[in-house]
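Visitor: To convert, note that position 560 of the sequence shown is 570 in the working numbering; the numbers rise steadily by one, no gaps.
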Amino acid sequence: MNIFYSTRSKLISSFLGVTLLVGAVSLFIGGQLLYRAVLSEATNRVRLDLNAASEIYENRIESVKTALNITTLDLGFRSKLKRQESQELFNRMRRVALHSNLDFAGVTTSDGKTLCRIGSNSIPNDQLQSLNAIANLALEGPGIIAGTMILRKETLAAEDPELAYRAKIRLLPTPRAAPRDEKVETSGMALVAGIPVFEEGKMLGVIYGGVLLNRSKDIVDTVRDTVFRQETYKGHNIGTATIFQDDLRIATNVLTPDGKRAIGTRVSREVKEHVLDRGERWTDRAFVVNDWYITAYEPIEDISGERVGMLYVGVLEAKYADMRRNAFSILVLIIVAGMALAILLGYFLEKKIMGPVHRLIMASQDVSKGNLSPEIGPISKDELGVLQQTFTNMIASLKERDERRKAAAENRLLQSEKQASVGRLAAGVAHEINNPLTGVLTFTRILLRRKDLNDESRAYLEKIAESTVRVRDIVKGLLDFSRQTTLDREPTEINKLVNSAVSLMENQALIKGVGITFHPGENLPMLTLDRNQIQGVVFNMIINAIDAMEPGGTITISTGISLSASDTGRKGVEIPITDMGCGIPSEHLDKLFDPFFTTKEVGKGTGLGLAVSYGIVQRHGGTIRVQSEVGRGSTFTIWLPIEEQIEQDEDSGS
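So, in structure tokens, the structure goes:
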């Protein structure tokens, strides 16, 4: 072979040429590409972080609403509200506030009169009554209100003077911020909920509560600790979060140069116009207080849909800038080192790549000839190793599938042969026994009508009749088992069939103290089957479950779509029937569908029920699977194919 046409030479030439080309191009545009890639990564992260922060914000609103809603469900609370027992209501609201970390909470009557609040003026008299904006909004609205709300200083002071003090924030000079006339913000932004309380259609009053966001650390620090996990870079927090009231920072973990929270600083005019004026999300790099961040903002709307503030998250840009510089330096080193190593890599890669490839080709040829244990050599640790491992897994799957199909086929053949041979024997025996058995039962009943029988003779005759009836039932089971009946197929809704069977068996289950629960599946297709025979199978399974359980248990039945365990890709409807009985020992599982096999006491079972049921389901093209654990219970799953099955082995003359 000419050395210039060998794979090794081609690899060396290719690596050298590509390295030179990529090196020149990368050094020219690498910086820009790295900058865009890093900026895109940071932007995507901050968008996701903003989504998480928004979820935390909404969850806090929901927690306020839930705490109050649960309180309204308490009968004791409703009773106290109905009698307007202010002191008792105050005690309850104080416990709710402590448990749910509420800054304010209270109860009003249906005409807006405040009965109690958790602040300093807990039970106001008529002279100290003031307008409660939250309660009035709940009284006017169609029902529960919850969300963000701007509260005037008078409202806050009425709840608790400390809240009015917290809400008061002095505006600090901020470069590039939009001009504002006021120097101090006195209103507060809060997460509130108001829930009307009704009884028998009559409103008793309103329970309200909320959390003041001004100077609050709760949400912003939760975002930092949850989303950013308190990650730091060179002594600075990687992520920060802020809640704005209009364009004013009222809650933040952005720090000023002296280490204090930047309460009172404002957002730039550009961000305000995009977010507050236009209602758009805004994502870009920005200088925040004392450092550069990749930032994202979204508007906060109050209960009436007005934009009243903004939610912000930011990621420190310094980390990404250093990543970009480091990546660019590494890129230069890689290009230089790559040019030097290109020739050596060609020699090694030719052997490294082509060796496993040749072995895989040979192994593929062996598999095509029927050898499912080909030799592919040692597994590499690179992408070819993944290919080799995938090939090995494929061969293992093929072997496992073949073994599974073989085992399933053998099991089906064995079961069919066993049932066919026993069925033929059963049919012959049943026909021979049935006629004389009828004579015995008939003459026994004639004798029982005689008036001159003594008690002992009558008892013997009744025992003969009882035993003869049992033998007749066994003969009937033998005839059923030997497939003497044909399938009368018709389109059937499986949920209606199972529900009908459950309804008929509920009384029998209740007699033993057992409950039956049915969970019908949705959108199940119609099945073409013999309704009476399949319903008989369901009856038999339920009866067995009842017999296996002690009083107090529950039988669970459901329906749904599933794939056949033995026929890949074939869809069907399954009916799992689960009991809470004693379970079946593992050594009995393979014998459950054998004729005359039973674990019941003598005289309580013929051992033909499951064998007949299995034959009926099998003739419909389906199967019955069993899962059981001793002491825990059993699950019998009837599986029927969705496609209409034509009975292949039915002998109409037998």
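Even glycine gets a Cβ: it sits at the ideal position worked out from N, Cα and C. Computed from a predicted model, the values in this text were never measured in an experiment.
Any chance the segment 578-597 sits against the segment 551-567, with 3 or more Cβ pairs inside 8 Å?
Guide: yes
Visitor: Could you check which residue in Glu316, Glu195, Leu507, Phe338 has the C-alpha nearest to that of Val288?
Guide: Position 278 of the sequence shown, counted from the first residue, corresponds to residue 288. It is worth fixing the name first, because residue 288 is Arg in this sequence and not Val. The residue with the shortest Cα to Cα distance from Arg288 is Glu316.
Visitor: Measure how close the beta-carbons of Asn693 and Thr569 come, nearest whole angstrom, since I'm counting them as under 8 Å.
Guide: Nothing can be reported for residue 693, as the shown portion of the chain is limited to 11 through 664.
Visitor: DSSP three-state label for Ala306, please.
Guide: Your numbering for residue 306 matches position 296 in the sequence shown. In the structure shown, Ala306 sits in a strand (DSSP, three-state: E or B).
Visitor: Mind checking who Tyr218 pairs with in its DSSP beta bridge?
Guide: Within the sequence shown, residue 218 is the residue found at index 208, counting from 1. DSSP lists Gly116, Gly204 as partners of Tyr218.
Visitor: Which residue from Pro651, Ala168, Val216, Glu164 puts its Cα closest to that of Gly153?
Guide: Residue mapping note: residue 153 aligns to position 143 of the sequence shown, counting from 1. Out of Pro651, Ala168, Val216, Glu164, the CA that lies nearest to the CA of Gly153 is found in Val216.
Visitor: Where do the N-terminal and C-terminal ends of the beta strand (DSSP E) with Gln637 fall, by residue?
Guide: Here the question's residue 637 lines up with position 627 in the sequence shown. First-last of the beta strand (DSSP E) with Gln637: 633-639.
Visitor: Less than 8 Å between the C-beta atoms of Val627 and Ile634, yes or no?
Guide: Position 617 of the sequence shown, counting from 1, holds the residue named residue 627. Position 624 of the sequence shown, counting from 1, holds the residue named residue 634. Yes, they are a contact pair.
Visitor: I need the DSSP call for Glu98, collapsed to helix, strand or coil.
Guide: The residue labelled residue 98 in the question sits at position 88 within the sequence shown. Residue state for Glu98 is assigned as helix, using DSSP reduced to three classes.
Visitor: Could you tell me the distance, in whole angstroms, from the CA atom of Thr118 to the CA atom of Ala251?
Guide: The residue labelled residue 118 in the question sits at position 108 within the sequence shown. The residue labelled residue 251 in the question sits at position 241 within the sequence shown. Each residue's alpha carbon lies about 35 Å from the other.
Visitor: Flag this pair as touching only if the segment 320-333 and the segment 147-167 have three or more C-beta atom pairs under 8 Å; answer yes or no.
Guide: no
Visitor: Nearest by alpha-carbon distance to Pro500: which of Leu534, Ala469, Asn517, Gln543 is it?
Guide: Here residue 500 refers to the residue found at position 490 when the sequence shown is read from its first residue. In the sequence as displayed, the identity of residue 500 is Glu instead of Pro. Selected option, being the one with the closest Cα: Gln543.
Visitor: Given this structure, state the Cα-to-Cα distance separating Val74 from Leu201, to the nearest angstrom.
Guide: Translated into the one-based positions of the sequence shown, residue 74 becomes position 64. Translated into the one-based positions of the sequence shown, residue 201 becomes position 191. Using only the alpha carbons, I get a separation of about 8 Å.
Visitor: Exposed or buried, Asp600, counting other C-beta atoms within 10 Å across all chains shown (16 or more means buried)?
Guide: As a position in the sequence shown, residue 600 is number 590, starting the count at 1. Per the 10 Å Cβ criterion, exposed.
Visitor: What is the DSSP secondary structure of Leu8, reduced to helix, strand or coil?
Guide: For residue 8 there is no data in the structure shown, the boundaries of the chain being 11 and 664.
Visitor: Might you give, ordered along the chain, the residues of its own chain that have their beta carbon closer than 6 Å to the beta carbon of Gly129, omitting 5 neighbours on each side?
Guide: Residue 129 sits at position 119 when you count from the first residue of the sequence shown. Around Gly129: Glu169, Asp170.
Visitor: Let me check one thing: in DSSP terms, what residues is Cys592 bridge-paired to?
Guide: Numbered from 1 along the sequence shown, position 582 holds the residue referred to as residue 592. Paired residues: none, contrary to the question.
Visitor: For Phe254, report the span of its beta strand (DSSP E) as first-last.
Guide: The count along the sequence shown starts at 1 and reaches residue 254 at position 244. Unbroken beta strand (DSSP E) run through Phe254: 249-255.
Visitor: In or out: Asp113 buried (at least 16 other Cβ within 10 Å) or exposed?
Guide: Indexing the sequence shown from 1 puts residue 113 at position 103. Buried, since its Cβ has 16 or more Cβ neighbours within 10 Å.
Visitor: Start and end of the beta strand (DSSP E) containing Ile565?
Guide: Translated into the one-based positions of the sequence shown, residue 565 becomes position 555. Judged by DSSP secondary structure, Ile565 falls within the beta strand (DSSP E) whose first and last residues are 564-568.
Visitor: What are the boundary residues of the beta strand (DSSP E) that Gly86 is part of?
Guide: The residue you call residue 86 lines up with position 76 of the sequence shown. Premise fails: Gly86 lies in the alpha helix (DSSP H), 85-92, not in any beta strand (DSSP E).
Visitor: Go ahead and label Glu327 buried or exposed: buried means 16 or more other beta carbons lie within 10 angstroms of its beta carbon, across all protein chains shown.
Guide: Numbered from 1 along the sequence shown, position 317 holds the residue referred to as residue 327. Under this definition Glu327 is a buried residue.
Visitor: Does the beta-carbon distance from Phe100 to Ile71 come in below 8 Å?
Guide: By 1-based counting over the sequence shown, the position of residue 100 is 90. By 1-based counting over the sequence shown, the position of residue 71 is 61. Contact flag unset, no.
Visitor: Buried or exposed, going by whether 16 or more other CB atoms sit within 10 Å of the CB of Gly625?
Guide: Against the sequence shown, residue 625 aligns to sequence position 615. The residue is buried, with at least 16 neighbouring Cβ atoms inside 10 Å.
Visitor: Can you name, in chain order, every residue of its own chain whose Cβ lies under 7 Å from the Cβ of Ser197, other than the five neighbours on each side?
Guide: In the sequence shown, counting from the first residue as 1, residue 197 sits at position 187. Only residues of its own chain outside the window of five on either side were considered, and among them Ile160, Leu161, Arg162, Lys163, Ala177 have a CB closer than 7 Å to the CB of Ser197, listed in chain order.
Visitor: Using alpha carbons as the reference points, say which of Gln255, Lys581, Val548, Gly563 lies closest to Ala519.
Guide: As a working note, residue 519 is residue 509 in the sequence shown. That would be Gly563, whose Cα lies nearest to the Cα of Ala519.
Visitor: Alpha carbons only, please: which of Ile310, Gly86, Ala174 is nearest the one belonging to Asp207?
Guide: Taking the sequence shown and counting its residues from 1, the one referred to as residue 207 is at position 197. Checking the sequence shown, residue 207 turns out to be Val, not Asp. Closest option to Val207, Cα to Cα, is Gly86.
Visitor: Name the residue from Leu31, Ile371, Leu60, Ile456 whose alpha carbon lies nearest to the alpha carbon of Thr236.
Guide: Residue 236 sits at position 226 when you count from the first residue of the sequence shown. Checking every option, the nearest Cα to that of Thr236 belongs to Leu60.
Visitor: State the CB to CB distance for the pair Val512 and Ile521, rounded to an integer number of angstroms; the pair is presumed to be in contact (CB under 8 Å).
Guide: If you number the sequence shown from 1, residue 512 lands on position 502. If you number the sequence shown from 1, residue 521 lands on position 511. About 15 Å; that fails the 8 Å criterion.
Visitor: Check whether the Cβ atoms of Ile665 and Leu265 lie closer than 8 Å to each other.
Guide: This structure cannot settle anything about residue 665, because the visible part of the chain is limited to 11 through 664.
Visitor: Quick one: give me the first and last residue of the beta strand (DSSP E) that Leu166 is part of.
Guide: Counting from 1 along the sequence shown, the entry for residue 166 is found at position 156. Counting along the chain, Leu166 falls outside any beta strand (DSSP E), though it belongs to the alpha helix (DSSP H) covering 163-169.
Visitor: Going by alpha carbons, who is nearest to Asn263 out of Thr232, His284, Val281, Val285?
Guide: Walking along the sequence shown from the start, residue 263 turns up at place 253. Checked all of Thr232, His284, Val281, Val285; the closest Cα to Asn263 is Thr232.
Visitor: Three-state secondary structure (DSSP) at Glu560?
Guide: Reading the sequence shown from its first residue, position 550 is the one you call residue 560. Coil at Glu560, not helix or strand.
Visitor: I need the straight-line Cα distance from Gly380 to Ser374, nearest angstrom please.
Guide: Here residue 380 corresponds to residue number 370 of the sequence shown, with the count starting at 1. Here residue 374 corresponds to residue number 364 of the sequence shown, with the count starting at 1. If I take the Cα positions, the gap works out to 10 Å.
Visitor: Might you give, ordered along the chain, the residues of its own chain that have their beta carbon closer than 6 Å to the beta carbon of Arg271, omitting 5 neighbours on each side?
Guide: Working through the sequence shown from its first residue, we reach residue 271 at position 261. For Arg271, where only same-chain residues beyond five positions count, the Cβ hits under 6 Å are Thr262.
Visitor: Which same chain residues end up closer than 7 Å to Phe646 when comparing Cβ atoms and leaving out the 5 residues on each side of it in sequence?
Guide: For the purposes of this step, residue 646 is taken as the residue at position 636 of the sequence shown. Within the same chain, Phe646 has close Cβ partners Met551, Ile587, Ile634, Val636.
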